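Below: one structure, written as structure tokens.
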């Protein structure tokens with residue numbers, strides 16, 4: 004399932020930062036409103052550990068985690084964060100977790116949507132989903148569609164839940180879509196796929212083509228990825244889209260994460276320099292002029308990498324004329 008089409012520019016949405024708590028406002032005042040990220044994606048992790056630390060059953064951790072979702076969503080809407088994507092239920096969760104836990108998570112999802120649509124409308128939040136949602140129970144799909152339709156006219160934050168989602172499966176689905184479209188085009192033109200490839204279809208397959216076939220086709224790539232619980236991994240989440248995202252990892256478990264912590268992560272994000280493979284804004288032409296010549300750098304690297312004994316041997320080898328070439 005792909006996310007729905009983008010909404011008008013968020014700058015047209017009234018700022019509701021005055022609705023933040025006193026603690027949140029103290030952090031928000033440190034932020035540059037013009038540099039609020041367009042898209043924040045969160046890997047919500049730690050529900051089970053949160054429960055385990057309190058000698059509680061895992062499902063109580065998931066329930067507490069659902070409360071954190073609403074706190075974070077409301078704060079996001081108050082600061083006009085255009086896109087918020089939450090990794091709610093992975094493809095691996097569906098395949099590898101006990102059936103009883105998966106069943107509970109589906110009931111919790113349905114309950115969350117039913118219980119929070121009014122709050123979403125009150126906060127001008129629009130619902131969307133990505134993932135292989137067609138494999139979820141039909142009653143859950145029906146509730147998801149109802150929540151999406153009920154919030155479709157909202158113009159603030161778009162909350163996207165990644166459900167039965169895996170980044171590798173998303174790329175597989177994108178490739179299937181591209182191949183299906185290619186086959187359909189060949190059939191429409193009355194030619195073979197080989198004919199289309201020979202006519203330039205292969206050369207026209209580029210990054211934008213693949214991006215348009217992803218679930219997130221109508222969403223900007225995440226500027227910031229937040230991972231809770233301290234784990235240092237991506238867990239098969241938005242692998243294509245986060246190529247140049249800033250990553251913020253916190254040891255805080257998801258049920259203890261709230262709007263204040265979202266603002267703290269954005270504050271950390273605003274203090275980073277995003278270079279996208281370049282040299283950054285602080286690097287000037289004057290710096291370029293002061294760079295060492297390439298030949299000197301190569302010689303310096305060679306001196307450090309090649310042991311002196313090897314260097315001497317190499318020098319002798321270079322000095323000795325080739326017997327075959329010098330033979331008359």
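Numbering (our numbering), first residue to last: 4 to 331. Positions of the beta carbon are idealized from the N, C-alpha and C atoms, including for glycine. Please read these numbers as outputs of a predicted model, since none were measured by experiment.
| query | result |
| --- | --- |
| Residue-chain proximity (residue 81, chain C), Cβ-Cβ < 8 Å | Among the chains of the structure shown, chain C does not appear; only one protein chain is present. |
| Three-state class that DSSP yields for residue 26 in the structure shown | helix |
| Distance, residue 167 Cα to residue 97 Cα | 7 Å |
| Reduced DSSP secondary structure (H/G/I, E/B, other) of residue 167 | strand |
| One or two residues paired with residue 249 in a DSSP bridge | 227 |
| Enclosing alpha helix (DSSP H) for residue 61 [first to last residue] | 61 to 81 |
| Status (buried if at least 16 other CB within 10 Å, exposed otherwise) for residue 48 | buried |
| Extent of the continuous beta strand (DSSP E) to which residue 93 belongs | 86 to 93 |
| Nearest candidate by alpha-carbon position, reference residue 81, set 134, 93, 159 and 118 | 159 |
| As assigned by DSSP and simplified to three states, the class of residue 272 | helix |
| Buried or exposed by the 16-neighbour rule on C-beta atoms within 10 Å, applied to residue 235 | exposed |
| Top-ranked residue by Cα proximity to residue 256, from 33, 71 and 154 | 71 |
| Those residues which DSSP pairs with residue 162 across a bridge | 87 and 130 |
| Reduced DSSP category for residue 237 - H, G, I as helix; E, B as strand; rest coil | coil |
| Touch test, the stretch 184 to 191 against the stretch 114 to 122, Cβ-Cβ under 8 Å, three pairs minimum | no |
| Bounding residues of the beta strand (DSSP E) (the contiguous stretch that carries residue 45) | 42 to 46 |
| Extent of the continuous alpha helix (DSSP H) to which residue 120 belongs | 102 to 125 |
| Three-way DSSP call (helix, strand, coil) for residue 31 in this model | helix |
| Terminal residues of the alpha helix (DSSP H) in which residue 199 lies | 196 to 199 |
| Residue environment, residue 121, which counts as buried when at least 16 other CB atoms sit within 10 Å | exposed |
| Terminal residues of the alpha helix (DSSP H) in which residue 39 lies | No alpha helix (DSSP H) contains residue 39, which DSSP labels as neither H nor E. |
| Closest Cα partner of residue 17 within the set 83, 178 and 222 | 83 |
| Residue 230 versus 220, 258, 217 and 221, residue with shortest Cα-Cα distance | 258 |
| Candidates 131, 165 and 161, of which the one nearest residue 149 by Cα | 131 |
| For residue 135, three-class secondary structure by DSSP | coil |
| Terminal residues of the alpha helix (DSSP H) in which residue 243 lies | Counting along the chain, residue 243 falls outside any alpha helix (DSSP H), and DSSP gives it neither H nor E. |
| Contact test: residue 266 Cβ vs the ligand SAH heavy atom, cutoff 7 Å | Absence of the ligand SAH is noted for the structure shown, with no ligands found whatsoever. |
| Cβ shell of residue 63 (< 7 Å), same chain only, five flanking positions each side left out | 54 |
| Residue 94 classed as buried or exposed, judged by whether at least 16 other C-beta atoms fall within 10 angstroms | buried |
| Coil, strand or helix - residue 204 by DSSP | helix |
| Three-state secondary structure (DSSP) of residue 2 | The chain is shown only over 4 to 331; residue 2 falls outside these bounds and no answer can be derived. |
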